[in-house]
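As structure tokens, the structure follows; a few thoughts come after it.
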Amino acid sequence: MNATNRTVVVTGIGATTPLGGDAASTWDGLLTGRSGVSLLEHEWAADLPVRIAAQVAVEPLTVLPRPQARKLDRSAQFALIAAKEAWADAGFTGPADGTQVAPGRLGAVIASGIGGVTTLLEQYDILRERGFRKVSPHTVPMLMPNGSAANVGLEVNAQAGVHTPVSACASGGEAIGYASEMIRTGRADVVVAGGTEAAIHPLPVAAFANMMALSKNTDDPTRVSRPFDKGRDGFVLGEGSGVVVLESAEHAAARGARVYCEMVGQGLSADSHHIAQPEPNGRGIAAALQNLLDTSDLKPAEVAYINAHATSTPQGDSAEINALRRVFGDDLDHMAISSTKSMTGHLLGGAGGLETVATVLALYHRTAPPTINVDVLDEEIKADIIVDKPRPLPEGTVAALNDSFGFGGANVVLAFRR
Amino acid sequence: MAAINDKDAILEGLAEIVNEIAGIPAEEVELDKSFTDDLDVDSLSMVEVVVAAEERFEVKIPDDDVKGLRTVGDAADYILNAQLSTQS
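Chains A and B, in that order, are what the protein sequence lines are. Just so it is clear: in the first sequence, position 194 is 194 by our numbering, and no numbers are missing. Just so it is clear: in the second sequence, position 84 is 502 by our numbering, and no numbers are missing.
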């Protein structure tokens, strides 16, 4: 391979999610079809129009040392926990010092849709109630959108580049795509990449509810996130982070690293249709899928699993399936599809990170996680949706996709193969 | 003797503040320790230490004076003097 088209592989994974405090417990939750959605017990939630969310299973303050945690926004706490797990999982011991990877060949790309929103709002409360002198001197590095990437970069001593793509709910996917390009084009040998979000706070909840994006369903909270179901009526806000370690195949082989799968490529496009509504026919999503096929060696025939973006909104889920059908035609019939958001809720900028972890593990374990809460499959969803029970994937080399779409019309499709 | 007791009390208070902010055990916070070099208090965290000390000891520590506070002893002396000068 020349320096501008190097093979990229996944060598580490980490997560902290509504299903568990690490990738293994999250994966276990996904396979058993467990919901991470629950009632918000906080006093502030009492009067909100939506009182459910998918909160992380393990509070970050029980994992991170307090002096470190108090200088990090909650979103950065999640990212750091997931990144440390992924870093260790990839076999790296301690920050880069040139023995396992050179700092100048190591990058970090961690995205968030909203950044340090809880820090911003909490410090504004302090400003109003206690005066300017009490505003934390850590506020700016905590609220800046690249705070998570910067802290992960510091943790591993990344000096090839520390980046934060921002595209709302596509951010995590975009981060992993960007990271793969850093390796493919020779800028880095190893990149820690993923997404994170911590926006379960009355203001974002009220704002998402008022734009009619959140489900107003007041049934059992675990039954509300129901992608592809006929009765779906909006997403459930989630929080957490998913991070992977990407590495050039050459670098991974040289250090004898365990390889989960290859990252084949990414497809990108923009809808230019509406600031928050998806283009109903999936034109932009189809363009991203086509872009993936045009810029990689992926063949539709080898795609066995798709981790859909499907957030449980009436328009979005069907637009996605329409786009998949438009690009893949009859090939879509041999692709099994699930939305793990039925269990995790929607992690916004963290979604692409978490769902990449799920997609990578599906390939590695030859088992695709299901979609839960599909009581009546919407007749508009003409595709093979995995419902309730995990689905074995074929032996031999197969590929899997992870879709992420964001407000602003951003479309990102990531492709993996093993 | 009152002044020495005050300084001990100030040290104890500073130790609690540094423990809260930097996680250093209170008994390791001694007068000759440097905030930056020994106690893991960077320039941003130092602002937190100063604001907490102002509140606890009811003194004002202007930003320009903060860079003179290299060690815990520097801070204790500064606070002691500031308290004495407000009393007189």
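Every residue, glycine too, gets a C-beta built ideally from N, C-alpha and C.
Cutoff 9 Å: residue i Cβ touching any chain B Cβ
| i | result |
| --- | --- |
| S312 (chain A) | no |
| P95 (chain A) | no |
| G172 (chain A) | no |
| S136 (chain A) | yes |
| R128 (chain A) | no |
| R417 (chain A) | no |
| R187 (chain A) | no |
| P278 (chain A) | no |
| R226 (chain A) | no |
| P141 (chain A) | yes |
| R133 (chain A) | yes |
| M1 (chain A) | Because the pLDDT of M1 (chain A) is 46, which lies under 50, any placement of that residue in the model is unreliable, and the number read from its coordinates should be weighed accordingly. Not one chain B Cβ lies under 9 Å of M1 (chain A). |
| G409 (chain A) | no |
Three-state class that DSSP yields for residue i in the structure shown
| i | result |
| --- | --- |
| I337 (chain A) | strand |
| L332 (chain A) | helix |
| E279 (chain A) | coil |
| T17 (chain A) | strand |
| R435 (chain A) | What is shown of chain A runs 1 to 418, which leaves residue 435 (chain A) out entirely. |
| L420 (chain A) | Given a span of 1 to 418 for chain A in the structure shown, any question on residue 420 (chain A) remains unanswerable. |
| E181 (chain A) | helix |
| E247 (chain A) | strand |
| T7 (chain A) | coil |
| A493 (chain B) | helix |
| S312 (chain A) | coil |
| L203 (chain A) | helix |
| E59 (chain A) | coil |
| V236 (chain A) | coil |
| V259 (chain A) | coil |
| F405 (chain A) | strand |
| E445 (chain B) | helix |
| G147 (chain A) | helix |
| T93 (chain A) | coil |
| T196 (chain A) | strand |
| L377 (chain A) | strand |
| G113 (chain A) | coil |
| D297 (chain A) | coil |
| G431 (chain B) | helix |
| D317 (chain A) | helix |
| S241 (chain A) | strand |
| G29 (chain A) | helix |
| S452 (chain B) | strand |
Cβ distance (whole Å) where residue i is taken to contact residue j below 8 Å
| i | j | result |
| --- | --- | --- |
| Y496 (chain B) | D483 (chain B) | 7 Å |
| M335 (chain A) | I306 (chain A) | 5 Å |
| T196 (chain A) | S75 (chain A) | 5 Å |
| H346 (chain A) | L237 (chain A) | 6 Å |
| F235 (chain A) | S312 (chain A) | 5 Å |
| G503 (chain A) | G107 (chain A) | A query on residue 503 (chain A) cannot be resolved here, the shown segment of chain A reaching from 1 to 418 and no further. |
| S342 (chain A) | I381 (chain A) | Actually they are not in contact, since the Cβ atoms of S342 (chain A) and I381 (chain A) sit about 13 Å apart, beyond 8 Å. |
CB contact below 9 Å: residue i versus chain A
| i | result |
| --- | --- |
| A440 (chain B) | yes |
| L462 (chain B) | yes |
| V469 (chain B) | yes |
| D492 (chain B) | no |
| E466 (chain B) | yes |
| D458 (chain B) | yes |
| E383 (chain B) | Beyond the ends of chain B as shown, which are 419 and 506, falls residue 383 (chain B); an answer cannot be given. |
| A500 (chain B) | no |
Residue i - partner residues in DSSP beta bridges
| i | result |
| --- | --- |
| I386 (chain A) | BP columns for I386 (chain A) are empty, so no partner. |
| Q266 (chain A) | A:L414 |
| A400 (chain A) | A:Y305 and A:F416 |
| A368 (chain A) | A:R391 |
| C169 (chain A) | C169 (chain A) pairs with nothing; no bridge assigned. |
| V191 (chain A) | A:G107 and A:L246 |
| V162 (chain A) | A:A108 |
| A420 (chain A) | Nothing about residue 420 (chain A) can be read from this structure; chain A reaches only from 1 to 418. |
| L214 (chain A) | A:F235 |
| D426 (chain B) | Per DSSP, none; premise fails for D426 (chain B). |
| G186 (chain A) | Partner(s): none; G186 (chain A) has no beta bridge. |
Residue i Cβ short of 8 Å to the ligand GTP heavy atom set
| i | result |
| --- | --- |
| L61 (chain A) | Looking at this structure, you won't find the ligand GTP or any other ligand, since it has none at all. |
Exercise for the section: Could you please tell me which residues of the segment 59-84 of chain A, in chain order, have their CB closer than 9 Å to any CB of chain B? Expected result: P65, R66, P67, Q68, R70 and K71
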